[in-house]
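In what follows, a structure is listed as C-alpha cells, so that the remarks can point back to it.
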Amino acid sequence: MTPPSPAIKYPILEPVLAQLHFLPANVASDLLETYFSDLNPYVLAHCLRKRNCLARTPGTQRRTTPALLFAILCVAAHTCNHPYLTNTPVSRARLVQRLFELCLISLRPLQHDEICGGGLDDVICYIQISVMIAASEFKGVSLRWFHSGISLARELRFNCETVDNSISQDEREERRRSWWLLYAMDRHLALCYNRTMAITDVETAGLYQPCDEFHWNSNEDLPVPPSDHPHGPYFLVRGSDIFGFFLPLMSILGQVVILHEIYQSITLNFGDLGHLKVQIVQKLESYRISLENWRYDGTFRMYALQIWHAIYILISGKWDVIEMIKDTDGWISSEEFVTATAQAVSAAHAVNHILQIDPDLTLMPWFFGIYLLQGSFLILLIVDKLGPSASPAVLEACEIIIRAHESCVVTLDTQYQRNFRKVMRTALHEATTEQVEFEAKSGKLEVLKLYRWCGDGRGLVV
Numbered sequence: 010m011t012p013p014s015p016a017i018k019y020p021i022l023e024p025v026l027a028q029l030h031f032l033p034a035n036v037a038s039d040l041l042e043t044y045f046s047d048l049n050p051y052v053l054a055h056c057l058r059k060r061n062c063l064a065r066t067p068g069t070q071r072r073t074t075p076a077l078l079f080a081i082l083c084v085a086a087h088t089c090n091h092p093y094l095t096n097t098p099v100s101r102a103r104l105v106q107r108l109f110e111l112c113l114i115s116l117r118p119l120q121h122d123e124i125c126g127g128g129l130d131d132v133i134c135y136i137q138i139s140v141m142i143a144a145s146e147f148k149g150v151s152l153r154w155f156h157s158g159i160s161l162a163r164e165l166r167f168n169c170e171t172v173d174n175s176i177s178q179d180e181r182e183e184r185r186r187s188w189w190l191l192y193a194m195d196r197h198l199a200l201c202y203n204r205t206m207a208i209t210d211v212e213t214a215g216l217y218q219p220c221d222e223f224h225w226n227s228n229e230d231l232p233v234p235p236s237d238h239p240h241g242p243y244f245l246v247r248g249s250d251i252f253g254f255f256l257p258l259m260s261i262l263g264q265v266v267i268l269h270e271i272y273q274s275i276t277l278n279f280g281d282l283g284h285l286k287v288q289i290v291q292k293l294e295s296y297r298i299s300l301e302n303w304r305y306d307g308t309f310r311m312y313a314l315q316i317w318h319a320i321y322i323l324i325s326g327k328w329d330v331i332e333m334i335k336d337t338d339g340w341i342s343s344e345e346f347v348t349a350t351a352q353a354v355s356a357a358h359a360v361n362h363i364l365q366i367d368p369d370l371t372l373m374p375w376f377f378g379i380y381l382l383q384g385s386f387l388i389l390l391i392v393d394k395l396g397p398s399a400s401p402a403v404l405e406a407c408e409i410i411i412r413a414h415e416s417c418v419v420t421l422d423t424q425y426q427r428n429f430r431k432v433m434r435t436a437l438h439e440a441t442t443e444q445v446e447f448e449a450k451s452g453k454l455e456v457l458k459l460y461r462w463c464g465d466g467r468g469l470v471v
C-alpha cells in the first residue's frame, strides 16, 4: 500500500491530490476538518462518520469517491476561515466554483458504480449539491439534484434494512441517515415550494431511525440496533440533533402537506376534514410533551418550539399571505384565525428566545427560514389590517421577526428573507407612525405576490 504523501494529513484525500494541484495540501486538510467541526449552513446532518473520514492511519480511512470528496471540500470552502480563502475578495468564490466544477465532472450522472461505493457516495453528493444550490437564488434547479438523490437512493433500497451481511454497521447507518435526511428534506421542500412530496411514509415504514449522535461521533464501533429500536416515521423527540428533534416534526409536517393538498384539490371535494386535523394536532401535542420531558437542555429546544408553533399555524390557517389579506371567505372572523394568531405570537416569543441564545441563528439556517416566514405571515396580516390599533404584543412580535430576518440574511443570505424583512419594516412603520403611503402599500403587495402557496403557486421559487 502506498503511504500518503508527507504533506497530506488525511489519507482519504490522497486519490484527489493530483486534481487538487491548485490547492495546498494543508488547506485541503483544513477544509476536511471544517466540514466535520463547524456549524456549516450547508451541512444539514452528518451522513458520514467523522472517525472514518479523518482517520490518520493509511488503510483505515473511508473509501470515498472523488466526486463526494470534492463536494465535501466545496461545502467547507463556503465557511472555512483559512487565510488562503480570505487573502483576496474573490479567493473564496473562485475556490468554491473550482471545487464545484470538479465535483460535477467526477460525478458522472447515471453511471453509478456501487461496487466502489459510488452508489451511496453519489446519493450523498446529490444531497450536498442540492443544498448548496437551494441556498442560492436558483432554488428550482436544486430540485433536479434532490430528486436524482431520491431516485438513486430508492433504486439502491436505502428505504429498507439491508440483508447483505457484507455491509458494515457504519455503512448501514450511512444508508439510513441518507434516506432519513432525504425524507426530512422532502417534507421541508414540499412546504418551501408548494409541491407534492416524493417520499411516502409507507415505503419508509421498515427502516430504523438513525442512531444517536453520541455513538455516531464517538470512536467506538457502532452497535447493532436492538430489536426495539424505533423504525419508520416517528413523532417524538429522540435527541438534540437534526434527526432527534427535527425529523419527527417533518413526519408531522408531511401529514399537514397532505391535508393542504386535499384542500387545494380542484377535482375532488372531501367535505369536512376536521377529524384529520384532530389526529395531526394529537401528534403535535405528543411531540410537545416529549420535548418538555426531554432530559437535556440546549439551543435546539427553542428551535423545536418555534417550528412546532409554525406547523400548528399551518394546520389552523392558510398558507398563502395574499389569500389571508384578501379574506374572501371571511376566515379572519373564524375561531381558527384566533387559534392561529395565538400560535403566531407564541412563535415570535420562541424566536426572541432563540435570538438570545443563538443571535446569528447558526443552528439550522438552511431549514429555519421557511418556518420563520410562515410563522410571521399572520403577524404581518394583523399589523397590516389594524395599523396603529394593533396590540403591543403584536407590534413587539413584528419587531422580533424583523430582527430575526436580519440575522438570517447575515448567516445565509437569501432574497426572500431580504424582501420579507422590507415588507415587515414597512408594515411596522405604517403602524407606529400612522402614515400609510399608497406606493409603499402597493409595493408591499407586489413583493408578497412573488411567493404564493395556493393553486399553482411555487412558494419560494420566483
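Heads up: take any position in the sequence shown, counting from 1, add 9, and you land on this note's numbering.
For each residue, glycine too, the CB sits at the ideal point set by N, CA and C.
All of these numbers come straight from a predicted model, not from anything done at the bench.
- The distance from the Cβ of VAL265 to that of ILE324 is about 6 angstroms, consistent with a contact at the 8 angstroms cut-off.
- Three or more beta-carbon pairs separated by less than 8 angstroms are not found between the segment 275-286 and the segment 249-261, which leaves the two stretches without contact.
- At least 8 angstroms separates the beta-carbon of ALA143 from that of PRO50.
- By the beta-carbon neighbour count (other beta carbons within 10 angstroms, threshold 16), PHE309 is buried.
- About 4 angstroms separates the beta carbon of ALA76 from that of SER115, a gap short enough to meet the 8 angstroms contact definition.
- Contact check between the segment 385-394 and the segment 344-360: three or more CB pairs, one atom from each, fall below 8 angstroms, which counts as touching.
- Relative to LEU231, the option among GLN178, MET333, VAL354 and ARG184 whose CA is nearest is GLN178.
- Taking a 10 Å sphere around the C-beta of TYR272, we find fewer than 16 other C-beta atoms and assign the residue as exposed.
- VAL52 has its alpha-carbon roughly 25 angstroms from the corresponding atom of ILE176.
- The residue from HIS358, ILE133 and HIS269 with its alpha-carbon nearest to that of ARG196 is HIS269.
- For PHE244 against SER260, the beta-carbon gap comes to about 6 angstroms, under 8 angstroms, which counts as contact.
- Looking at SER160, ALA193, LYS453 and THR420, the one whose alpha-carbon comes closest to that of LEU372 is THR420.
- Following the DSSP letters along the chain, one finds ASN302 inside the alpha helix (DSSP H) bounded by residues 283-302.
- Between the C-alpha atoms of THR95 and THR43 there is a straight-line separation of about 15 angstroms.
- The C-beta of LYS335 has fewer than 16 other C-beta atoms within 10 Å across all chains shown, which makes the residue exposed.
- Non-local beta-carbon contacts of CYS201 in its own chain, meaning distances under 7 angstroms to residues more than five positions away in sequence, involve ILE379, GLY468 and LEU469 in chain order.
- GLU294 is classed as exposed because its beta carbon has fewer than 16 other beta carbons within 10 Å across all chains shown.
- In the DSSP assignment, MET373 falls outside any alpha helix (DSSP H), carrying neither H nor E.
- In this structure, the CA atom of PHE45 is about 50 angstroms from the CA atom of ASP338.
- For ALA402, the number of other beta carbons within 10 angstroms of its own is below 16, and it is reported as exposed.
- Our two residues, ALA193 and ARG166, have alpha carbons roughly 17 angstroms apart in a direct line.
- Nearest in C-alpha terms to HIS224, of all of LEU216, GLY215 and PRO234, is PRO234.
- Contact check for CYS62 against ILE17 fails: the beta carbons are separated by 8 angstroms or more.
- Closest in alpha carbon position to GLU180, among ALA413, MET433, ALA34 and ARG72, is ARG72.
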